[in-house]
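Heads up, the thing below is written out as structure tokens.
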Amino acid sequence: MTIKDVMSTYRELLQTAREFLEKKGIADAGLDAWYLLAHVFGIDRADFFMYGDEPVSPEKALIYKELVEKRAMHVPLQYITGTQQFMGLEFEVDENVLIPRQETELLAEEVLKVCKGKSVLDICTGSGCIIISLAVLGNLNKAVGTDISPKALEVAERNAKRHNAAVEFIQSDLLEKVKGSYDIIVSNPPYIKSDEYRTLMPEVRDHEPRLALDAGETGLVFYERIIKNLDKYLKPGGYVFFEIGYNQGKEVSHLLYEAGFENINVKKDYSGYDRIVCAKKRLNDIMEE
Ligand code: GLN
Numbered sequence: 039m040t041i042k043d044v045m046s047t048y049r050e051l052l053q054t055a056r057e058f059l060e061k062k063g064i065a066d067a068g069l070d071a072w073y074l075l076a077h078v079f080g081i082d083r084a085d086f087f088m089y090g091d092e093p094v095s096p097e098k099a100l101i102y103k104e105l106v107e108k109r110a111m112h113v114p115l116q117y118i119t120g121t122q123q124f125m126g127l128e129f130e131v132d133e134n135v136l137i138p139r140q141e142t143e144l145l146a147e148e149v150l151k152v153c154k155g156k157s158v159l160d161i162c163t164g165s166g167c168i169i170i171s172l173a174v175l176g177n178l179n180k181a182v183g184t185d186i187s188p189k190a191l192e193v194a195e196r197n198a199k200r201h202n203a204a205v206e207f208i209q210s211d212l213l214e215k216v217k218g219s220y221d222i223i224v225s226n227p228p229y230i231k232s233d234e235y236r237t238l239m240p241e242v243r244d245h246e247p248r249l250a251l252d253a254g255e256t257g258l259v260f261y262e263r264i265i266k267n268l269d270k271y272l273k274p275g276g277y278v279f280f281e282i283g284y285n286q287g288k289e290v291s292h293l294l295y296e297a298g299f300e301n302i303n304v305k306k307d308y309s310g311y312d313r314i315v316c317a318k319k320r321l322n323d324i325m326e327e
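Numbering follows the working numbering, with no gaps: position 223 of the sequence shown is 261.
Here you go:
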């Protein structure tokens, strides 16, 4: 984009940005050009239709130009605008946290069905999107989130504050520093195999935290480590919910089966891929009789 472009109308500016992003191979170039325009100028579609042919402020146009150029470098839109919606709530995001995904809303929805009045632990909380939505929408008795990354937890803390959610965050390698036991444990841990990681789109591979995505040679290491320790942290009769990769339904179910879990259920996402596994911890034998 050139200086001439910043002396233009909203419509012309948008058009130039769209063509520029298309040329740079950005998928959804038009949509991203629009979202950035809305972000910088604080306008919505109605404003655009009313004032689209009026000249823009050159100062703001220069900011817009910078952000469009960032997007052309494959920086995800959400890291540029600094926000992402999840479960109808707005979350702050930056390069230290995974951008909340639509599929993950399914995980939160499943937990919402059973979490009223319960204690819930979210492992690998990242932006805090899961546990904060549950705390806001789910009437929890107790809400705790853990992450290994202190920088991610700073973002999660700010998100909890933003939504006035009573969530305690603990810096911990999975369950390492967690105390007590919970009715429900939920996690969207890293689950991409290292080989696959290298083939991800540049937005994800080069900009989202590797720590939140790469799960070694098999992609299963975090499920294995969590499941191995669940007995201590999950109450008898409690539930565990995992987000999983599209081809991990059988393997994660098997791990839970081997660990003695019952009612193991795999749920598909809207694209028809396995996405959620949930299971129940057995009640103590004495209580079952
Ligand atoms: N819990 C966060 C999310 O689902 C982060 C997950 C992660 O970092 N693996 O978006």
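Backbone N, C-alpha and C define an ideal beta-carbon position, used for all residues, glycine too.
Would residue i pass as a contact of residue j if the rule is Cβ separation under 8 Å?
i: Lys156; j: Asp66; result: no
i: Val94; j: Thr54; result: no
i: Leu59; j: Val106; result: yes
i: Ser187; j: Met125; result: no
i: Gly257; j: Tyr229; result: yes
i: Leu191; j: Gln209; result: yes
i: Arg56; j: Gly90; result: no
i: Thr142; j: Ile168; result: yes
i: Ile314; j: Leu145; result: yes
Beta-carbon within less than 6 Å of residue i's beta-carbon, same chain only, minus the 5 sequence neighbours each way: which residues are those?
i: Asn303; result: Cys316
i: His245; result: Val113, Pro114
Any heavy atom of the ligand GLN closer than 7 Å to the beta-carbon of residue i?
i: Leu136; result: yes
i: Asn197; result: no
i: Ile168; result: yes
i: Gly254; result: no
i: Ala203; result: no
i: Asn267; result: no
i: Cys162; result: yes
i: Thr121; result: no
i: Ser165; result: yes
i: Pro2; result: An answer regarding residue 2 cannot be provided, because it is not within the stretch 39 to 327 covered by the chain.
If I measure Cβ to Cβ from residue i and keep anything under 7 Å in the same chain, skipping five residues before and after, which residues do I get?
i: Glu64; result: With the sequence shown as reference, residue 64 is identified as Ile, and Glu is not the correct amino acid for it. Once the five neighbours on either side are set aside, the close Cβ partners of Ile64 are Asp70, Arg109, Ala110.
i: Ala173; result: Ala181, Ala203, Ala204, Val205
i: Arg196; result: Glu130
i: Ser225; result: Asp160, Ile161, Cys162, Ile264, Phe280
i: Val216; result: Leu159, Thr184, Ile208, Ser210, Tyr271
i: His201; result: Leu127, Ile170, Val174
Figure out for me which residue from the options has the closest Cα to the Cα of residue i.
i: Thr184; options: Lys231, Lys273, Arg196, Phe207; result: Phe207
i: Leu10; options: Leu272, Lys266, Tyr311; result: Residue coverage of the chain in this structure runs from 39 to 327, which leaves residue 10 outside it and unanswerable.
i: Leu175; options: Val152, Ile161, Lys189; result: Val152
i: Leu249; options: Pro240, Glu255, Pro227, Thr237; result: Pro227
i: Leu178; options: Lys61, Val149, Thr163; result: Val149
i: Gly80; options: Ile101, Gly68, Lys61, Lys62; result: Ile101
i: Glu214; options: Ala84, Asn285, Leu268; result: Leu268
Short of 8 Å in beta carbon distance, which residues of its chain neighbour residue i, apart from the five on each side in sequence? Order them along the chain.
i: Val131; result: Gln116, Tyr117, Gly120, Thr121, Gln122, Ile137, Pro138, Ser165, Val193
i: Arg320; result: Pro274, Gly275, Gly298, Phe299, Glu300, Glu326
i: Glu262; result: Leu293
i: Glu92; result: Thr47, Tyr48
- Query: Taking the runs of the beta strand (DSSP E) that are 3 residues or longer, which of them lie wholly in the segment 104-167?
  - Reply: 121-124, 127-130, 157-161
- Start-end ranges of the beta strand (DSSP E) lying completely within the segment 159-208, minimum 3 residues: 180-185
- Only counting runs of 4 or more residues, tell me where the alpha helix (DSSP H) segments fall wholly within the segment 221-250, in order along the chain. 232-235, 240-243
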